[in-house]
Amino acid sequence: MNPLRALKIAGGGTASLFLLLLPFLLPLIDIHLATEILIFALFAVSFNLLLGYCGLLPFGHAACFGVGAYATALIFKHITGMPFLLTIMISALAGFAGALIIGFFCVRLSGGYFALISLAFQMFFYAVALKWRAVTSGDDGMSISRPDLYLPGLGSVSLMNIETLYYVTLAIVALAIVACYLFLKTPLGNAGISMRENVNRASFLGFNVFLTRLAIFCFSGFLAGISGALFVVHQEFVATSVMDVHMSFTVMLMATIGGTAHFLGPVLGAVFFIVFQDWISSLTKHWWLFMGIVFVLVVLYAEGGLIGLFKWEKISAWFASEKES
Amino acid sequence: MDIYAMQAIHGLVYGMLLFLVSSGLTLVFGMMGVLNLAHAAFYMLGAYFAYTITTHLGNFWLSLVLAPLIVGILGVGIEHFTLRKVHKSGHVAELLLTFGLFYVIGEVVRIIWGSNPLRVPVPALLAGQIPLLGKTYPIYRIFILGFSFLILIGMALLILRSRIGIIIRAAVSDADMVDVLGTNVPRVFMGVFGGGAALAALAGVIAAPFLSTYPGMGLDILLDCFVVIVVGGFGSLFGAFATSLMLGQLQSFGILWIPRLALVFQFLLMAVVLIVRPTGLFGEKQ
Amino acid sequence: MAILRLRDIDKDFSGLQVLSGVSMEIQEGERHAVIGPNGAGKSTLFNVITGLYKPSRGEITFLDRDITKSSIHKIARMGLSRSFQIINIFPKMTVFENIRIAVVSRFNRRFNWTSFLHRDRKILEESDRILSLIGMTDVRDVPAWEMSYGMQRQLELALTLARDPILILLDEPTAGLNAEETRNSVPLIKKVTEGKTLVIVEHDMEVVFNLADRITVLNYGEVLATGTPDEIRGSEEVKKAYLGRK
Numbered sequence: 001m002n003p004l005r006a007l008k009i010a011g012g013g014t015a016s017l018f019l020l021l022l023p024f025l026l027p028l029i030d031i032h033l034a035t036e037i038l039i040f041a042l043f044a045v046s047f048n049l050l051l052g053y054c055g056l057l058p059f060g061h062a063a064c065f066g067v068g069a070y071a072t073a074l075i076f077k078h079i080t081g082m083p084f085l086l087t088i089m090i091s092a093l094a095g096f097a098g099a100l101i102i103g104f105f106c107v108r109l110s111g112g113y114f115a116l117i118s119l120a121f122q123m124f125f126y127a128v129a130l131k132w133r134a135v136t137s138g139d140d141g142m143s144i145s146r147p148d149l150y151l152p153g154l155g156s157v158s159l160m161n162i163e164t165l166y167y168v169t170l171a172i173v174a175l176a177i178v179a180c181y182l183f184l185k186t187p188l189g190n191a192g193i194s195m196r197e198n199v200n201r202a203s204f205l206g207f208n209v210f211l212t213r214l215a216i217f218c219f220s221g222f223l224a225g226i227s228g229a230l231f232v233v234h235q236e237f238v239a240t241s242v243m244d245v246h247m248s249f250t251v252m253l254m255a256t257i258g259g260t261a262h263f264l265g266p267v268l269g270a271v272f273f274i275v276f277q278d279w280i281s282s283l284t285k286h287w288w289l290f291m292g293i294v295f296v297l298v299v300l301y302a303e304g305g306l307i308g309l310f311k312w313e314k315i316s317a318w319f320a321s322e323k324e325s
Numbered sequence: 326m327d328i329y330a331m332q333a334i335h336g337l338v339y340g341m342l343l344f345l346v347s348s349g350l351t352l353v354f355g356m357m358g359v360l361n362l363a364h365a366a367f368y369m370l371g372a373y374f375a376y377t378i379t380t381h382l383g384n385f386w387l388s389l390v391l392a393p394l395i396v397g398i399l400g401v402g403i404e405h406f407t408l409r410k411v412h413k414s415g416h417v418a419e420l421l422l423t424f425g426l427f428y429v430i431g432e433v434v435r436i437i438w439g440s441n442p443l444r445v446p447v448p449a450l451l452a453g454q455i456p457l458l459g460k461t462y463p464i465y466r467i468f469i470l471g472f473s474f475l476i477l478i479g480m481a482l483l484i485l486r487s488r489i490g491i492i493i494r495a496a497v498s499d500a501d502m503v504d505v506l507g508t509n510v511p512r513v514f515m516g517v518f519g520g521g522a523a524l525a526a527l528a529g530v531i532a533a534p535f536l537s538t539y540p541g542m543g544l545d546i547l548l549d550c551f552v553v554i555v556v557g558g559f560g561s562l563f564g565a566f567a568t569s570l571m572l573g574q575l576q577s578f579g580i581l582w583i584p585r586l587a588l589v590f591q592f593l594l595m596a597v598v599l600i601v602r603p604t605g606l607f608g609e610k611q
Numbered sequence: 612m613a614i615l616r617l618r619d620i621d622k623d624f625s626g627l628q629v630l631s632g633v634s635m636e637i638q639e640g641e642r643h644a645v646i647g648p649n650g651a652g653k654s655t656l657f658n659v660i661t662g663l664y665k666p667s668r669g670e671i672t673f674l675d676r677d678i679t680k681s682s683i684h685k686i687a688r689m690g691l692s693r694s695f696q697i698i699n700i701f702p703k704m705t706v707f708e709n710i711r712i713a714v715v716s717r718f719n720r721r722f723n724w725t726s727f728l729h730r731d732r733k734i735l736e737e738s739d740r741i742l743s744l745i746g747m748t749d750v751r752d753v754p755a756w757e758m759s760y761g762m763q764r765q766l767e768l769a770l771t772l773a774r775d776p777i778l779i780l781l782d783e784p785t786a787g788l789n790a791e792e793t794r795n796s797v798p799l800i801k802k803v804t805e806g807k808t809l810v811i812v813e814h815d816m817e818v819v820f821n822l823a824d825r826i827t828v829l830n831y832g833e834v835l836a837t838g839t840p841d842e843i844r845g846s847e848e849v850k851k852a853y854l855g856r857k
C-alpha cells in the first residue's frame, strides 16, 4: 500500500480513537473546550465550502449560524417536548432558508461584491435580532436549558452532563463533516469547484452558475445552521453576538489560519483558534488583537495556512524515494 | 416646512461626509480592483487622532493638518508593504488582508482609546448657532458643509484639470496601458491609496465633533460606504456623489418618518439595485 | 436545412458600432469559415451568437428556435458549443477532470448530489473516449496549466466537443501555434467535427481554404461577401478590402 495512504489511515484512526476516548483523557474544562472546537470545526468547514471550494468569500457567514442558533433557542423556549434531533434539523433548515434569501442576492456576484453583500445581510439580520426584542430579547439574550435526548433503546439521556453532550455533538458534527466531504465528490460539488477555476467556461459548458452556486450556498447555510444550533445548546444561552461581525470574523480567521486549500484545514484552524484563545486570554484581555495579527501574517506570508505547512507533496516524494532505496 | 428644510440640511451634511469617505474607496477600487476595507479604519483613525490632538494640544485646527498627514503616510506604508505583496495572490487574498487590517486597526484603537465614545469639542471659532430659516442652526455643521464642498471642488479640479488627475483617470480605465506608456504605475497607486487614506482621515477629523468618536464608527461608515458604491457604481465618482447625498437624505428623513425601518429601506434599495443593475446606477459594465 | 440563422444583427457598444446588418445562414453539415481583417467583428459575432452579448438589433435562430435573448448556458445546452481564441480551460484541474466536467453537463447531471462522480461509469468512459479521440490519453492526469501551449489548445478543442454539440464554433483554433502545429490541427479538426456543423473564425488562409465549404467575409462589422472558396478568391471586392495572407 502507498505509504502516504497508510500514514493517513493511521493518523485518522488515531484521531478517531482520541476523539472517542476524550472525556476519559481530559479534565472537565477541556471537554467543554473540545465541544466548542467541534462546533466551530463544522462552522469553519461550512465556510470553507464556499471559500476554498467555490472561490466565494462570505464576510457575513455568521448570519446562517445565527439563524440556526436563534431557531434552536426559540424552539426550546416556546415548544416543550420537541425532540432534540428534530430541533437541530429545523435549525439546519432555518440556516438553509437564510442562505436561500441571502444567496439569491449575493450569488449573482463574486469577489468583493459577494463578500460585502453577505456582510450587509448579516448586519441586517443582526439589526433585526437586536431590535426585535419581543422575540429575541435583543442583546440581553435568552437563557435556555438543555433538553433531554431520547434515543430508541436507551431511553432518555440528559444533555446537562457535558460528557453526554460531547458525544452527541461529536456524532452530529462528524456526520455533517463527512456529508460535506462526500458532497464535494458529487457532480454538483465538482461543478462548484470548476466554477472557482473558470466560471466563464463553466457557463459556456451549459452550467447555470447562479443556481449551482445558490445550491451550494444553501448547503453551506444548512451546515452553519447545525453548528449554530449546537452552539446554543452548549452555551445554554443565545444573544445577538451569534450573528455579529466578531462571529463572522472568527470563522474567517479559523478557516484562513487553518488553510483553505485542504478539506481539514478549517478543522485545524478551529482547534488552533480555540486553544490559542484559551491560552492568550488568560494572559491579556486584548487577545483579539493577537488573533488579528496572526491572521494578517498568515494572509501575507503563509497562504496555505497551518495545514499548508505540512508539505504533503514533499512527504509523499520522500516516501516514494525511501521506497525505492 | 422648516422641519423638512432642517432635515434636508442634516442629510446634506452627512451625505457630504459620506462622499468624502466613499470617494477614496471607489477610486481605489476602480483603479486597483481592490475593495479596501481598511479605508473605514483610516476614517476612524482620523477621528481618534483629532480627539487626542485636540485634547492634548488644545488645537482642533492642528488635527486638521496632522491627522490626514499621519494617516496618509500610514496608508502609503500599508499599500507598499502589504497590499502589493498580496496583489498577485488574487482578489480573495486582498479582501482578506484589508478586512484583517480593518479589524486589527479597530482593535488597536480600542486598546489605546478604550471602548467608550469620546467627545471631541467643537473648536471655539465654530461653536454656537446662527439663525437659519427662522430657527438656529449649529455653525459647525455649516462649516462641515462648506469645507466638504471646498474639498470636493479641489478634488474635481485635481482630477479633471491637472496632469496627475489625467493619469489617475487613465489608470482607472486601464492600468496596464498607462504602465506601458511609461508612467510609474506603482507610484500612482501608492499615491492614490495614500491620498484616499488622508482624505478619509480628514473626513474623520471633521466628523468627530459632529458624530462623536466611538470604536464602531468604522464599521458604521463602511456599511454606508458600501451601499454608496453598490448603488452608485464601483469606480464611479459621480455615482458616489449622487448616492451619498441621496443616502444622507434617506437616513435623515428615514429617521424622522420611519425610525425602525430606515435600515430596512436602505437594504431594500441595495437589493433592488443588485438585481436590476448589478454594476450600480452609474458604474461601468464589468 | 439551415440550422443557424442570423438576421440583420447589429451590435454597438456605447456608440461604437461593431456589427451592422449581419445576416448569415449556416446549413446543416457544412463547414463555414468567417474571415476578415482584425477588428472586423468576428469574435464579437461569436459572442453575440453564444449569448455573451445581446444584439442591439436583429434575430438569431438556432434549430428554428429564437436564441436572440437566451442565456449562455441555455444556448450551450441546446447543442451550440464554442471554443475560445484565448485559451479558456480549467487550469488547476487535470486534463481528464476538465473533460469530465463538460461531460457531466452533457449528461445533465449538473445538480446531482447523490452519486459520486469518480464512480460514475458512464461519465468516466465517455471522458476517456473523448480523451482518446483528441489524442491526449497520455497526459490524462496532468494539471492543465502545466502543459505546453499546443496541448492546451487541444484541450480547448476537446472541451468544445465534449458536449457532443450539433453546431461547433471555433474561434481562431490555431492562434499562437507554429506552422507545423497549425498544419497538424487541420486533420484533427476535420476528424472531430465529422458529421457536425462547423463555423470557424480563422486568419490562416491555408487552414481556411483547406477546411471550408463556404466562406463569409466580414469587414468593419458588415458582411462583405459570402460564397465558396473559389468565389471568394476571385472576388474583387474582397481583394480590395482585405489583402489575404497566404
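Chains as they are written, first to last, in my numbering: chain A, 1 to 325; chain B, 326 to 611; chain C, 612 to 857.
All residues carry an ideal CB built from backbone N, CA and C; glycine is no exception.
All values reported here derive from a predicted model rather than from experimental measurement.
Coarse secondary structure for residue i, derived from DSSP in three states
i	result
I637/C	strand
P448/B	coil
K285/A	coil
Y339/B	helix
T672/C	strand
F643/C	It is worth fixing the name first, because residue 643/C is His in this sequence and not Phe. Correct three-state label for H643/C: strand.
A392/B	helix
K460/B	strand
S682/C	coil
E792/C	helix
R856/C	Low confidence applies to R856/C: its pLDDT is 46, below 50, so where it sits in the model is not reliable, and the reading given next is rough at best. R856/C falls in the coil class under three-state DSSP.
E736/C	helix
S327/A	Limits of chain A in this structure are 1 at one end and 325 at the other, which puts residue 327/A out of reach.
R616/C	strand
Close beta carbons around residue i, own chain, < 7 Å, minus the five adjacent residues each side
i	result
D549/B	L343, L572
W287/A	Q277, I280, S281
M243/A	A62, A63, F65, G66, Q122, F125, Y126, A129
L28/A	I162
I172/A	I88, I226, L230
V797/C	V818, N821, L822
L788/C	G761, R764, S796
Close Cβ partners of residue i (< 6 Å) along its chain, the five nearest in sequence each way excluded
i	result
G340/B	S569, L570, G573
G690/C	P776, I777
Cβ shell of residue i (< 8 Å), same chain only, five flanking positions each side left out
i	result
H234/A	H32, T35, E36, I39, L165, T169
Presumed contact (8 Å Cβ cut-off) between residue i and residue j, rounded CB distance
i	j	result
G103/A	G225/A	The pair is not a contact, with the Cβ atoms about 13 Å apart (cut-off 8 Å).
D815/C	T793/C	6 Å
L772/C	I741/C	6 Å
A786/C	Q696/C	5 Å
L536/B	V245/A	With 8 Å as the limit, L536/B and V245/A do not qualify as a contact, their Cβ atoms being about 19 Å apart.
Cβ-heavy atom distance, residue i to the ligand ZN, below 8 Å
i	result
M356/B	Ligands are entirely absent from the displayed structure, and the ligand ZN is therefore not among its contents.
Interfacial residues, the stretch 413-427 of chain B to chain A, with Cβ spacing under 7 Å:
Taking 7 Å as the Cβ-Cβ cut-off against chain A, the residues of the stretch 413-427 of chain B that qualify are S414, H416, V417, A418, L420, L421, L422, F424, G425, L426.
The stretch 696-708 of chain C: positions lying closer than 9 Å to chain A by Cβ:
N699, I700, F701, P702, K703, M704, E708
Between the stretch 245-263 of chain A and the stretch 289-306 of chain A, are three or more C-beta pairs nearer than 8 Å?
Judged by Cβ distances under 8 Å, the stretch 245-263 of chain A makes contact with the stretch 289-306 of chain A, as three or more pairs qualify.
Give the residues from the stretch 722-737 of chain C that approach chain A closer than 9 Å (Cβ to any Cβ), ordered along the chain.
F722, N723, W724, T725, S726, F727, L728, H729, R730, D731, I734
Would the stretch 73-80 of chain A count as touching the stretch 264-272 of chain A if we require 3 or more Cβ pairs under 8 Å?
no
Output needed in chain order: residues of the stretch 237-262 of chain A with a Cβ under 8 Å from some Cβ in chain B.
V245, F249, M252, T256
Please determine if the stretch 211-231 of chain A and the stretch 103-115 of chain A are in contact, where contact requires at least 3 C-beta pairs separated by less than 8 Å.
At 8 Å Cβ cutoff, the stretches touch.
Can you list, in chain order, the residues of the stretch 102-127 of chain A whose Cβ is nearer than 8 Å to any Cβ on chain B?
F105, R108, L109, G111, G112, Y113, A115, L116, I117, L119, A120, F121, M123, F124, A127
Can you give me, in chain order, the residues of the stretch 33-65 of chain A that have a beta carbon less than 8 Å from any beta carbon in chain B?
L51, G55, L57, F59
Closer than 9 Å, Cβ to Cβ, to anything on chain C: give me those residues from the stretch 164-194 of chain A, in chain order.
L182, F183, K185, T186, P187, L188, G189, N190, A191, I193, S194
Mind checking the stretch 289-315 of chain A against chain B and listing, in chain order, the residues whose C-beta falls within less than 7 Å of any C-beta there?
L289, G292, I293, F295, V296, V299, L300, E303
Please name the residues in the stretch 709-720 of chain C whose beta-carbon is closer than 7 Å to at least one beta-carbon of chain A, in chain order.
Against chain A - using a Cβ distance shorter than 7 Å - the residues of the stretch 709-720 of chain C are I712, A713, V715, S716, R720.
Within the chosen definition, does the stretch 670-677 of chain C reach the stretch 638-651 of chain C through at least 3 CB pairs nearer than 8 Å?
no
The stretch 625-640 of chain C contacting the stretch 137-153 of chain A, beta-carbon criterion three pairs below 8 Å:
no
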